[in-house]
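Protein chains: 4
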Amino acid sequence: MGKIRNIGMLTGGGDAPGLNAVVRAVVKTAKQYGLGVVGFLNGFGGLIKNQVRELNERDVAGILPRGGTILGTTNRDNPFCYPIVKDGKKVYVDVSDRIFENIGIQEVDALIIIGGDGSLAIGRDLHEKGLPVVGVPKTIDNDLWATEQTFGFDSAMTTATEALDKLHTTAESHHRVMVLEVMGRYAGWIALTSGIAGGADTILIPEIPYNIESIVKKINERSRQEKQFSIVVVAEGATPIGGEMVVQKRIEDSFEPVRLGGIGNVLGRQLEEVTGKETRVTVLGHLQRGGSPTPYDRILATRYGTGAVKLIMDGRFGEMVCLTGPTISSVPLKEAAGKIRQVPLDSDLIYSARMLGISMGD
Amino acid sequence: MGKIRNIGMLTGGGDAPGLNAVVRAVVKTAKQYGLGVVGFLNGFGGLIKNQVRELNERDVAGILPRGGTILGTTNRDNPFCYPIVKDGKKVYVDVSDRIFENIGIQEVDALIIIGGDGSLAIGRDLHEKGLPVVGVPKTIDNDLWATEQTFGFDSAMTTATEALDKLHTTAESHHRVMVLEVMGRYAGWIALTSGIAGGADTILIPEIPYNIESIVKKINERSRQEKQFSIVVVAEGATPIGGEMVVQKRIEDSFEPVRLGGIGNVLGRQLEEVTGKETRVTVLGHLQRGGSPTPYDRILATRYGTGAVKLIMDGRFGEMVCLTGPTISSVPLKEAAGKIRQVPLDSDLIYSARMLGISMGD
Amino acid sequence: MGKIRNIGMLTGGGDAPGLNAVVRAVVKTAKQYGLGVVGFLNGFGGLIKNQVRELNERDVAGILPRGGTILGTTNRDNPFCYPIVKDGKKVYVDVSDRIFENIGIQEVDALIIIGGDGSLAIGRDLHEKGLPVVGVPKTIDNDLWATEQTFGFDSAMTTATEALDKLHTTAESHHRVMVLEVMGRYAGWIALTSGIAGGADTILIPEIPYNIESIVKKINERSRQEKQFSIVVVAEGATPIGGEMVVQKRIEDSFEPVRLGGIGNVLGRQLEEVTGKETRVTVLGHLQRGGSPTPYDRILATRYGTGAVKLIMDGRFGEMVCLTGPTISSVPLKEAAGKIRQVPLDSDLIYSARMLGISMGD
Amino acid sequence: MGKIRNIGMLTGGGDAPGLNAVVRAVVKTAKQYGLGVVGFLNGFGGLIKNQVRELNERDVAGILPRGGTILGTTNRDNPFCYPIVKDGKKVYVDVSDRIFENIGIQEVDALIIIGGDGSLAIGRDLHEKGLPVVGVPKTIDNDLWATEQTFGFDSAMTTATEALDKLHTTAESHHRVMVLEVMGRYAGWIALTSGIAGGADTILIPEIPYNIESIVKKINERSRQEKQFSIVVVAEGATPIGGEMVVQKRIEDSFEPVRLGGIGNVLGRQLEEVTGKETRVTVLGHLQRGGSPTPYDRILATRYGTGAVKLIMDGRFGEMVCLTGPTISSVPLKEAAGKIRQVPLDSDLIYSARMLGISMGD
């Protein structure tokens, strides 16, 4: 492989606090190596349509503490399955060849893909097709295989904990059951950690199917101890024993139905009926994706950004930066993408929760 | 009137940040005057059922920065209209005489009622019936007549602004329309102030019926200026021109239906359909009622608490403390209770909003 | 007076949260009236040296929640007393004529001066010399005459309260006396409000000369009540009875000596010696000037910005916007500048503090 | 070893956010195992003087989000070197036998010591003498050997980052050099991480002796790039090449001299003289020790608390809980205590800092 002239970069998937910190670290590190940086706009869309923004140090000044991504992002625009209209019908085609063209036009010799499982899987496939890709793991859900932590998670978990701190005082004053629905479709990291940090009484996660009677039992047990309120944290992907996930598949381009009938509201209604206690539900939603990243996430995102450029300088394409203990290392994309990391049932986090007397709903 | 032996106190209505600060100030001020303080528990319920907690300085140590109320609160238990079961049917009766009995038993010679419009109206009626009452105005909505500000409002508005700060970055990254529904059934104070502070593009308040086309026009105008996102703040009581409030009356003791089909979700769906832009809705709900009060609210609540004891010492029963300019003063309960304070249409807040280019939906 | 073409604007004096919010509101409001805006850089320096930056809506996008000022600011560069080197010596001359020249060059027909007492006094003098000036009151100290509140104060007071919340827990754990020195050379607004909000035991303000024995008495009284810690908030301008202000006059261009031997450290040493209790001092310093403005300050600053443009459109030069009760109004600069607003000794804030059992050091 | 009846517990050394979270987790976990918990008050002092407080679930309700420790703490009272007055002179004696007596009186069969290096070394020695001890590593400095992270560090680092966020805006507005002195006498973890997260330009840590010319060069380089401000973060233990630590040894029981002439002020004065730029110094001090722990610290502290009880149940005395990657494990106290963990010079944190263009002062 020849010398690197420019690094290309895109941010894909849902928003997460720390994206701008990665972007900034990549630009600054690239400069130390004398490289230019080209940002492709709006996820894979910009890579397909050749929409770019040249990035120099001035562009990334002041963005470290800011949420969001100056490159824009989207959940759509998979280059291997891209919607076009043909004969009046929408069909999905492989447009990945355009990407090779576009990085040629932009004189880009290495591409950094910052994204979650979906984006990294596309990155893996592009690499297998010959594109010099390195990955940076991002998801507020923390459910990516092959890294101990993704950036964005600490911020989302902090937002959820702050919400619990607020709900706690009002639950106590009103003797209410308060249900907080947090993100986590396939893994319960946000629910479990914010639940422990926010002093929840019950935590429901996708890894442990719940029994409504357990939750009711916990609420009643607290009543007998003269604690006339309960805090229930529920991951959006939590399911009753033998039941199915309440989260409805979002119909493409339609208004999100999830918020109207998600697990939080279903559960809240059930608990109010069974316990007779006033119950209130809060769906935290997109608040978990936004805002200034926590210092932890700023640092992790920064290390990932410099680490990704280092992978490029070392010619280690097809790899993704990851966190192993206190150290940034890397792992092949083909091992990392496409696998979900759930909370292990023997995790000391779950042990701690149970020892605190928290019901896990089972 | 004879000498005061003990002051009684209760907190009524919805939770609001700063309740504990009032409670603490009352107890500490009473002590300076050598008086005892008796807290009636859970709003008017404790006053009717003679459920009390004696309050001394040790009980209020450390509660200043804490949300909620150590006395408990509830929206129910109107002594003039109290539900009892008679002949197998629920009927509503006047049990206000019991209150006079109970304050006698507790040797209470003056009662401080900390509450919103409903609680203060009950206080007014009890005073007219002979009870030595003084009031402290509380509501996160800031919609009480006769005071320039209620405690709890600054905290609620701050929570809403922080939510907007978070939604802003993610709206911008995703090119989305973000709708935030905040509290304010009859007045738009939270929506208007948080909308200005959080950089909203459209603010909808009950005082100004909205035209959906105005909102769409604003979104499209921004698109033409290459701002591919919009932030819409909507008070729960906002209504379309010629329409009715979407907020459904809560059926007693049933699960709150409001959250499922409130104005936020209705509006979000409409905007997504008309503009074709991805739209996301966040209903802030009870997060606005909880958490540590802002310094502003801690101070205002404290001044109200000491002011209420001063009213008692001056024998000025039937009055309510209020804020007039930079000063704590008072106003008769019969002038204050039962009247809503909306945002004046000629307010410089609305003028400022319009000058910033914010659409008010009209 | 003819038609306004462009508005000039500068930010002067010490940094304060909300400066950018004023700048943004001026630019956006001016645009509604079809006017251009020219920012003079770095306080009066830019006005004297004709250093400018044209300001349009793009320049002020995203600055609302950011501390600081995009125009730069400084405490120096008084045009009536400007240092130049003449015959090898530094002499001070009146260079105010240059300002008239420069606003002519920039086609500026009205000048908004955003600043504290010093900047507003210069504004008053420039107006008397014929310059069409309007003022916007800024100071974190809240000590400006003729307005009930300056922007920046709520943010500074919030920073001080957050510091007290932190010191509280550690004072309690360690049984220590904790002294917090906050800003306020001539007025005790920050000390008094943050002290009340942060649960201080003693508050020392410039308005009330203190007696060291009173403070010691308070600490010992708490010890007898088994409260083995005390929190003392002291304004930098607080003085002992019969004593002088410890704050040393900063020698021009030399390293600030204030921080090394300010009242906080003097007092801390004294209290440790007399009480024998471990005492720790924190000097909050510049942390009070920076950071994202509170929602309250964002709103007040925004209203001041639109109000200042309105004064210009109404031809009311020589006036300053101010807050009167809940309303933005205005007052002549010649009445406002040059007068300090101290905490009135009969203020209900001081009454509240005393009723809470807080020692005011007298 | 026989059956455990009661667990004893103490918190030693400087305050750190998360102490209460450990205390709460120990009490709740002990309850699951049917054990009682006795808290010894004020560090080793309570163990020596048999000052205790029985702890049940009610005592720890609500303390999770609170800073400080309900048990009290102190840096004094080493049982192996305890000051007593003999023949009018202060002499130091070994009073460790009293501890064995006292735990007998309290029917305590295992002791949890929550503390930093000093407290854990005492714990190691007590264990060697026969006391059934387990340790929990605490220090805001994060400089304990044998654990990847101590609780308290994330909160301290977050406080330092928030301070940098505030100083950043004001440095930029005033074109100043801002120096922030943070804790870290022997290791630069707080300075390095907060410096990266807060966008510092220079970071000085004890691990890398600094060259004043390097710092000046960095400031001037930024000036040439039209960045007229610089942020310098300095750990209190940073030293110039060939120089000595400026931190003065605290003379016992005298007023802390460190704050008056620490490295921050020394450096600030030097930089102002050499660069001619206005320089301001902030010494963060005890603000880093207080306040509500971050969610990260609440969780880590909780896991440590439950982990410590588990060590006891498994009979693994003489060990300390620690964090290894994502898992709580343990390590012998004799390997852990008495060794400092500095930032490794080949750490990717330092690599990242350099790649961002941050000067490490060398």
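Chains as they are written, first to last, in the numbering used here: chain C, 1 to 362; chain X, 363 to 724; chain Z, 725 to 1086; chain U, 1087 to 1448.
A virtual CB, placed ideally from N, CA and C, is assigned to each residue, including glycine.
All of these numbers come straight from a predicted model, not from anything done at the bench.
- Burial is judged here by how many other beta carbons sit within 10 angstroms of a residue's own beta carbon; Glu1330 of chain U has fewer than 16 and is exposed.
- For Ser173 of chain C, the closest Cβ of chain X is nearer than 8 Å.
- At a cut-off of 8 Å, the C-beta of Ala921 of chain Z has a neighbouring C-beta in chain X.
- At least 8 Å separates the beta-carbon of Glu1043 of chain Z from that of Leu1024 of chain Z.
- Each of X:Leu433, X:Ile476, X:Ala378, X:Gly485 was checked against the Cα of Asn440 of chain X, and the nearest Cα belongs to X:Gly485.
- Listed along the chain, the chain Z residues whose CB falls inside 9 Å of the CB of Val1369 of chain U are Arg983, Thr1006, Val1007, Gly1009.
- The beta carbon of Lys452 of chain X lies closer than 8 Å to those of Pro445, Ile446 in the same chain, with the five residues before and after it left out.
- Boundaries of the beta strand (DSSP E) harbouring Asn368 of chain X: 368-373, taken from the DSSP string.
- In chain order, Gly1377 make up the part of chain U whose C-beta sits under 7 Å from the C-beta of Asp889 of chain Z.
- Within the same chain, and ignoring the five residues on either side of Thr282 of chain C in sequence, the residues whose Cβ sits closer than 6 Å to its Cβ are Leu180.
- The alpha-carbon separation between Glu831 of chain Z and Asp849 of chain Z amounts to approximately 21 Å.
- Secondary structure remark: continuous beta strand (DSSP E) runs of at least 3 residues inside the stretch 727-810 of chain Z, in chain order: 730-735, 760-764, 776-779, 806-810.
- Within the stretch 787-802 of chain Z, those residues whose Cβ lies closer than 9 Å to any Cβ of chain U are, in chain order, Arg790, Gly791, Gly792, Thr793, Ile794, Leu795, Gly796, Thr797, Thr798, Asn799.
- When 9 Å is used as the limit between beta carbons, Thr150 of chain C is near no residue of chain X, the shortest such separation being about 17 Å.
- The stretch 206-222 of chain C and the stretch 163-175 of chain C do not touch, with fewer than 3 CB-CB distances between them shorter than 8 Å.
- Thr1030 of chain Z belongs to the set of residues whose beta carbon lies under 8 Å from a beta carbon in chain X.
- The stretch 1422-1441 of chain U makes contact with the stretch 1273-1282 of chain U, as at least three CB pairs between them are under 8 Å.
- Chain C places no beta carbon closer than 8 Å to that of Thr501 of chain X, leaving this residue out of the contacts.
- Distance check between Tyr572 of chain X and each of X:Leu673, X:Leu433, X:Val595, X:Ser585 places X:Val595 closest, using alpha-carbon atoms only.
- At least one C-beta of chain Z is nearer than 8 Å to the C-beta of Ala387 of chain X.
- The stretch 302-312 of chain C and the stretch 89-103 of chain C do not touch, with fewer than three beta-carbon pairs separated by less than 8 Å.
- Following the DSSP letters along the chain, one finds Leu1047 of chain Z inside the beta strand (DSSP E) bounded by residues 1043-1048.
- Here DSSP, grouped into helix, strand and coil, assigns Ala884 of chain Z to helix.
- Nearest neighbour of Val1146 of chain U by Cα position, chosen from U:Tyr1382, U:Arg1184, U:Lys1114, U:Pro1292, turns out to be U:Lys1114.
- In this structure, DSSP gives Ile1200 of chain U an extended state, which the three-state scheme calls strand.
- In the structure shown, Arg289 of chain C falls within a helical segment according to DSSP collapsed to helix, strand and coil.
- Classified as exposed, Phe100 of chain C has fewer than 16 neighbouring CB atoms from the shown chains inside 10 Å of its CB.
- In the three-state DSSP reduction, Tyr454 of chain X falls in the strand class (E or B).
- For the C-beta of Thr531 of chain X, the chain C residues within less than 9 Å are, from N- to C-terminus, Asp15, Pro17, Asn20, Arg66, Gly67, Gly68, Thr69, Arg289, Gly290, Gly291, Ser292.
- Non-local C-beta neighbours of Gln994 of chain Z in its own chain, meaning closer than 7 Å and more than five positions away in sequence, comprise Ile936, ordered along the chain.
- Put simply, the backbone Cα of Glu886 of chain Z is about 28 Å away from that of Thr1048 of chain Z.
- Straight across, the Cα-Cα distance linking Asp117 of chain C with Cys322 of chain C is about 13 Å.
- Distance from the CA atom of Ile140 of chain C to the CA atom of Met1084 of chain Z, rounded to whole angstroms, is 49 Å.
- Between the alpha carbons of Gly407 of chain X and Gln413 of chain X lies a distance of about 8 Å.
- Between Pro206 of chain C and Thr239 of chain C, the C-beta gap is smaller than 8 Å, which places the two residues in contact.
- For Glu543 of chain X, the pairing in a beta bridge is given by DSSP as X:Val596, X:Val645.
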